[in-house]
Each structure stands twice: as C-alpha cells, then as structure tokens.
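What follows is a single structure, written as structure tokens, with notes after it.
In our numbering, the protein residues as written are 3 to 207.
Structural data, given as structure tokens:
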C-alpha cells in the first residue's frame with residue numbers, strides 16, 4: 003500500500019469527520035459500513051431506516067481526500083471496530099481539484115486497506131453525485147471515470163449514484179451546489195438499501 007507522505011491537495015479551512023455505529027451493542031444482524039462525505043452523511047440515516055430488521059449500519063463521512071495520508075488512519079480505525087458484511091465506499095466531491103494521479107494512488111491505497119482489513123466484506127464503489135455547477139459536474143465525472151476503470155480492473159461493482167441523480171432538475175432536487183433535498187436523499191437511500199439487501203441475500207445463498 004503506497005501513498006504520498008504529503009498530499010499535493012491543500013487542506014480545506016475546516017476538515018471534518020463524522021462516524022456513527024448504530025446498534026453498537028447488538029450483533030444479531032449483519033453490519034454494513036457506508037463511507038463517503040457530506041452526501042453520505044445526508045443519506046446514512048435513511049439507509050439505516052430502510053435496512054431496519056435487515057442489517058445494522060455504521061458510517062464514516064469526512065471532508066478528507068483519499069490522497070491525504072491521515073485518511074487511511076481514520077479508515078483503518080473504522081474497519082477495525084466491527085466485522086462488516088458489505089462496505090459501500092465513495093470519495094470524490096472534496097477532491098475535485100486534487101491532482102488526478104495523486105487521487106488515483108490514494109484511491110487504490112484505500113481499496114487495498116479495505117481489502118486487507120475488511121475480513122472478506124463485499125466492497126461496492128459509489129460514484130460521486132453531480133452538482134448544480136456544470137463545470138464541477140464535469141470534474142466529478144472525471145473522477146468517476148478514473149474510479150470506474152479501477153473498479154473494473156478489481157472486479158468491484160459500482161453503484162452509479164451519478165446516473166441516478168444526473169437527470170433530475172437541479173432546482174427541484176438540490177438545496178445548494180453540492181447537496182440534495184430530502185426527496186433526492188430518499189432516492190439515493192432506496193437505491194443503496196436495495197443493493198445492500200440483494201448483496202446480503204446472495205452472500206447467504
């Protein structure tokens with residue numbers, strides 16, 4: 003696993019991390035881990051509700067880019083806390099201006115870490131969602147293309163949240179440049195929960 007000692011991406015004025023372990027004292031159901039940014043933080047509680055009685059949800063949302071060396075430290079901690087049946091993973095919207103080669107290297111390192119510490123968990127990549135600004139959407143598309151190639155090489159399925167959201171009216175479903183209104187978040191959560199349910203059933207078969 004190789005990452006740069008110092009990322010060329012300049013850190014934001016405020017970097018943040020949020021992590022929750024719902025049903026932390028219960029092990030009756032399988033547990034899934036959602037990894038992402040504020041988009042993940044927006045849908046995580048809806049995914050939790052969609053999966054009630056099926057699986058428990060943990061999530062790790064952060065502003066950090068995968069090219070930041072400290073990203074892997076926090077990710078390693080999350081992976082070590084529980085055994086997960088499935089890990090739904092995204093990184094991108096805080097990396098729109100990151101050097102593409104550095105982001106690719108960081109993404110591969112994160113995937114290597116998830117594979118090494120995930121104890122056989124199924125990995126699903128989630129594409130980054132489009133934005134209100136067309137120029138920023140193009141940048142998100144560039145990262146999605148890089149990630150898509152890596153996932154194809156590694157045999158990792160892609161949950162295409164970009165394709166889900168892109169046809170939608172920006173004024174109706176976005177609350178700002180990046181984030182979505184409740185109905186859009188519900189659409190994302192239903193798609194994620196449906197994928198997780200199908201994946202868990204296939205692993206039990």
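Glycine residues also receive a C-beta, built at the ideal position from the N, C-alpha and C atoms. Everything numeric in this text was worked out from a predicted model, so none of it was measured.
Can the beta-carbon of residue i be found closer than 8 Å to that of residue j?
{"i": "residue 2", "j": "residue 56", "result": "This structure leaves residue 2 out entirely; the chain is present only between 3 and 207."}
{"i": "residue 144", "j": "residue 65", "result": "no"}
{"i": "residue 160", "j": "residue 129", "result": "yes"}
{"i": "residue 164", "j": "residue 186", "result": "no"}
{"i": "residue 210", "j": "residue 168", "result": "For the chain, the structure presents residues 3 to 207; residue 210 sits outside this window and is missing."}
{"i": "residue 172", "j": "residue 134", "result": "yes"}
Could you check which residue in the options has the C-alpha nearest to that of residue i?
{"i": "residue 12", "options": "35, 99, 85, 54", "result": "99"}
{"i": "residue 152", "options": "140, 107, 63", "result": "107"}
{"i": "residue 34", "options": "170, 155, 120, 165", "result": "120"}
{"i": "residue 30", "options": "54, 46, 37", "result": "54"}
{"i": "residue 47", "options": "110, 24, 182", "result": "24"}
{"i": "residue 15", "options": "166, 96, 174, 140", "result": "96"}
{"i": "residue 68", "options": "174, 104, 20", "result": "104"}
{"i": "residue 37", "options": "202, 156, 19, 28", "result": "19"}
{"i": "residue 27", "options": "60, 206, 49", "result": "60"}
{"i": "residue 205", "options": "32, 22, 156", "result": "32"}
{"i": "residue 114", "options": "170, 203, 156", "result": "156"}
{"i": "residue 154", "options": "110, 140, 50", "result": "110"}
{"i": "residue 184", "options": "45, 162, 118", "result": "45"}
Assuming residue i and residue j are in contact, meaning their beta carbons sit under 8 Å apart, how far apart are those beta carbons, in whole angstroms?
{"i": "residue 116", "j": "residue 81", "result": "7 Å"}
{"i": "residue 127", "j": "residue 158", "result": "5 Å"}
{"i": "residue 77", "j": "residue 62", "result": "7 Å"}
{"i": "residue 112", "j": "residue 87", "result": "19 Å between Cβ atoms; not a contact."}
{"i": "residue 175", "j": "residue 181", "result": "With a Cβ gap of about 10 Å, residue 175 and residue 181 do not count as contacting."}
{"i": "residue 195", "j": "residue 52", "result": "3 Å"}
The segment 186-197 touching the segment 64-78, judged by at least three CB pairs closer than 8 Å: no
The segment 90-110 / the segment 36-44 touching (three or more Cβ pairs under 8 Å): yes
4-residue-minimum alpha helix (DSSP H) runs that sit fully inside the segment 138-201, ordered along the chain: 163-167, 172-175
Unbroken stretches of the beta strand (DSSP E), 3 residues or longer, contained in the segment 39-71: 58-64
Runs of beta strand (DSSP E) wholly within the segment 63-137 (minimum 3 residues, chain order): Those beta strand (DSSP E) runs which fall completely within the segment 63-137 and span 3+ residues are 88-91, 124-128.
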